[in-house]
Amino acid sequence: MKERLFCDTNALIRLLEGDALVSALLAEKRIYISAITEMEMQCKPNIKASERAIIRDLLSYCIIVDLTDAIKDRAIKVRLSTRLKLMDAIVGASAIEAGLPLVTADEKFSSLRGTDVIMLPQR
1 MKERLFCDTN
11 ALIRLLEGDA
21 LVSALLAEKR
31 IYISAITEME
41 MQCKPNIKAS
51 ERAIIRDLLS
61 YCIIVDLTDA
71 IKDRAIKVRL
81 STRLKLMDAI
91 VGASAIEAGL
101 PLVTADEKFS
111 SLRGTDVIML
121 PQR
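With the UniProt record's numbering, the residue at position 119 of the sequence shown is 119, and numbering never jumps.
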């Protein structure tokens, strides 16, 4: 069974940009993302149709974790106990509820409790 990781939006962006570290980390892994990340990836303005197609192709390989009552409840707790904005709290809560480590470059997630956070180095 493949190792499973939960990715924040910035991890997927770096993967698409060809970041060697992220590519190696995510190689042969099962990638889970929040429905929030799915939407954020597709809302990038001013990109070509070919780039949108690449994004949709990447998303087709990801398992999308939809917003559930448990994730909403957890996100509220995360938001109230950290400096994370609501959307990031939802992503973090989704990783916690999925029981998976979160891959991110956003240092604000270092305050997240309840799951391991794999912090990508800043560029």
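All residues carry an ideal CB built from backbone N, CA and C; glycine is no exception. Just so it is clear, the structure is predicted and the values come from calculations on it, not from any experiment.
The stretch 62-120 is shown to contain whole beta strand (DSSP E) runs of 3 or more residues at 63-65, 102-104, 117-119, in chain order. DSSP lists 5 as the bridge partner or partners of residue 31.
Per DSSP, reduced to three states, the secondary structure at residue 10 is helical. About 6 Å separates the Cβ atoms of residue 16 and residue 58, confirming a contact at the 8 Å cut-off.
Here the C-alpha atom of residue 100 lies approximately 12 Å from the C-alpha atom of residue 91. Using a C-beta cut-off of 8 Å, the stretch 28-42 makes contact with the stretch 76-96, since at least three inter-stretch Cβ pairs fall below that distance. Ranked by how close their Cα comes to the Cα of residue 111, the residues 78, 10, 4 have 78 in first place. The C-beta distance from residue 109 to residue 120 rounds to 10 Å, too long to fall under 8 Å, and the pair is not in contact. The C-beta separation of residue 9 from residue 40 comes to about 5 Å, placing the pair in contact by the 8 Å criterion.
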